[in-house]
Amino acid sequence: MKIDVLTLFPEIFSFINEWSILGRAVADNKVTISSHNIRDFSLDKHKKVDDYPYGGGHGMVMMPQPVIDSINSVKSDDSHVIYLSPKGSVLTQEKLTELSKKNHLILLCGHYEGIDQRIIDNCVDEEISLGDYVLTGGELPAMVLIDGITRLLPEVLSTSEAYEEESHYNGLLEYPQYTRPAKYLGMEVPEVLISGHHANIKEYQERESMRVTYINRPDLLDKIKMTDRQKSVLKEVVNSVERRKTDGSN
Ligand code: 4GM
287 MKIDVLTLFP EIFSFINEWS ILGRAVADNK VTISSHNIRD FSLDKHKKVD DYPYGGGHGM
347 VMMPQPVIDS INSVKSDDSH VIYLSPKGSV LTQEKLTELS KKNHLILLCG HYEGIDQRII
407 DNCVDEEISL GDYVLTGGEL PAMVLIDGIT RLLPEVLSTS EAYEEESHYN GLLEYPQYTR
467 PAKYLGMEVP EVLISGHHAN IKEYQERESM RVTYINRPDL LDKIKMTDRQ KSVLKEVVNS
527 VERRKTDGSN
């Protein structure tokens with residue numbers, strides 16, 4: 287996989303090459319990440335890359351010429367061009383899986399109020415957003431994309447690192463994890479986990495998955511098909527969570 291990043295701040299991406307699992311993937315040639323400064327492509331004598339918006343309004347808009355020339359400098363037949371913007375469709379794990387199968391990604395990072403629409407209409411394959419919030423630039427979203435894609439590439443994660451993934455949790459959030467010591471500053475690990483009783487442990491983990499999903503992401507519960515057993519676990523969890531709320535205790 288080759289990833290080219292087009293940005294006004296290419297230096298930000300240099301540390302990725304040395305960063306933990308990403309750094310290892312780069313060293314093993316599983317992924318090549320290059321960043322390019324859009325300003326280098328400006329034909330303006332002051333290296334201008336942005337201008338006032340037609341129709342008025344706040345802020346500046348990135349101009350077509352430097353951006354399109356920068357795209358063309360790295361583009362080939364199998365390139366997939368992604369623009370990171372709050373207007374894009376929201377990134378999901380499925381999208382990361384789909385993108386991890388591409389040969390060449392070009393990530394375009396915008397600034398100011400965005401980029402001239404003609405760039406999007408003519409040169410961008412897909413507009414992706416990380417969520418409903420605005421950042422100063424598309425660089426951090428691009429890094430999130432790089433991280434999420436790289437860990438899915440063949441042989442990047444060891445089997446134990448890769449072990450988690452959806453099938454394990456069936457669309458629910460992960461149950462809480464603990465490690466040694468069993469007691470730290472008076473805080474104890476739930477007893478069932480130390481019991482060695484595998485069936486009870488599994489039951490506990492299923493219930494805690496259900497609990498954390500109900501509390502933090504109830505919307506996910508509507509998306510999954512539950513077994514009768516899971517439905518009854520959910521009922522128990524709902525009762526205990528709601529009872530705690532009305533008790534005012536924790
Ligand atoms: C406005 C228009 C992406 C701001 C276009 C980029 C948030 C996201 C920017 C832009 C961004 C996001 C730059 N902020 N939610 N800021 O993924 O590219």
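Going letter by letter, the sequence shown gives residues 287 to 536 in the numbering used here.
All C-beta atoms, glycine included, are put in the ideal place defined by N, C-alpha and C.
Residues that residue i bridges to, as DSSP identifies them
| i | result |
| --- | --- |
| Met473 | Tyr470 |
| Leu391 | Ile289, His366 |
| Val442 | According to DSSP, Val442 bridges with nothing at all. |
| Ile401 | Met348 |
Residue range of the unbroken alpha helix (DSSP H) whose run includes residue i
| i | result |
| --- | --- |
| His484 | 484-502 |
| Gly434 | 425-436 |
| Asp514 | 514-533 |
| Lys511 | Note, Lys511: premise wrong, no alpha helix (DSSP H); not H, not E. |
| Thr422 | Taken as a continuous stretch (DSSP letters only), Thr422 belongs to no alpha helix (DSSP H), as it is neither H nor E. |
| Leu377 | It is not in any alpha helix (DSSP H) - Leu377 carries neither H nor E in the DSSP assignment. |
Presumed contact (8 Å Cβ cut-off) between residue i and residue j, rounded CB distance
| i | j | result |
| --- | --- | --- |
| Tyr464 | Val475 | 4 Å |
| Val519 | Glu492 | 6 Å |
| Ile432 | Ile289 | 6 Å |
| Glu354 | Ser386 | At residue 354 the sequence reads Ile, which differs from the Glu that was named. About 27 Å separates the two Cβ atoms, so there is no contact after all. |
| Leu507 | Thr499 | 6 Å |
| Leu458 | Asn502 | Their Cβ separation, rounded to whole angstroms, is 11 Å, which puts Leu458 and Asn502 out of contact at 8 Å. |
| Asp402 | Met348 | 7 Å |
| Val360 | His322 | 7 Å |
Segment limits, beta strand (DSSP E) that includes residue i
| i | result |
| --- | --- |
| Glu460 | First-last for Glu460: undefined, no H or E at that position. |
| Lys414 | The sequence given here places Ile at residue 414; Lys does not occur at that position. Run containing Ile414: 412-415, per the beta strand (DSSP E) assignment. |
is_contact[residue i, chain D] using C-beta, thresh 8 Å
| i | result |
| --- | --- |
| Pro440 | Absence of chain D from the displayed structure is noted, only one protein chain being present. |
#### Entry: Uninterrupted alpha helix (DSSP H) stretches inside the segment 288-365 (no shorter than 4 residues)
306-313, 350-360
### Message
Check whether the segment 436-443 and the segment 304-311 are in contact - that is, three or more C-beta pairs closer than 8 Å.
### Response
yes
### Task
Spell out a yes or no on whether the segment 348-365 and the segment 379-395 are touching, meaning 3 or more CB-CB pairs, one atom from each, closer than 8 Å.
yes
### Message
Tell me whether the segment 308-328 and the segment 369-380 touch, counting them as touching only if at least three CB pairs, one residue from each stretch, are closer than 8 Å.
### Response
no
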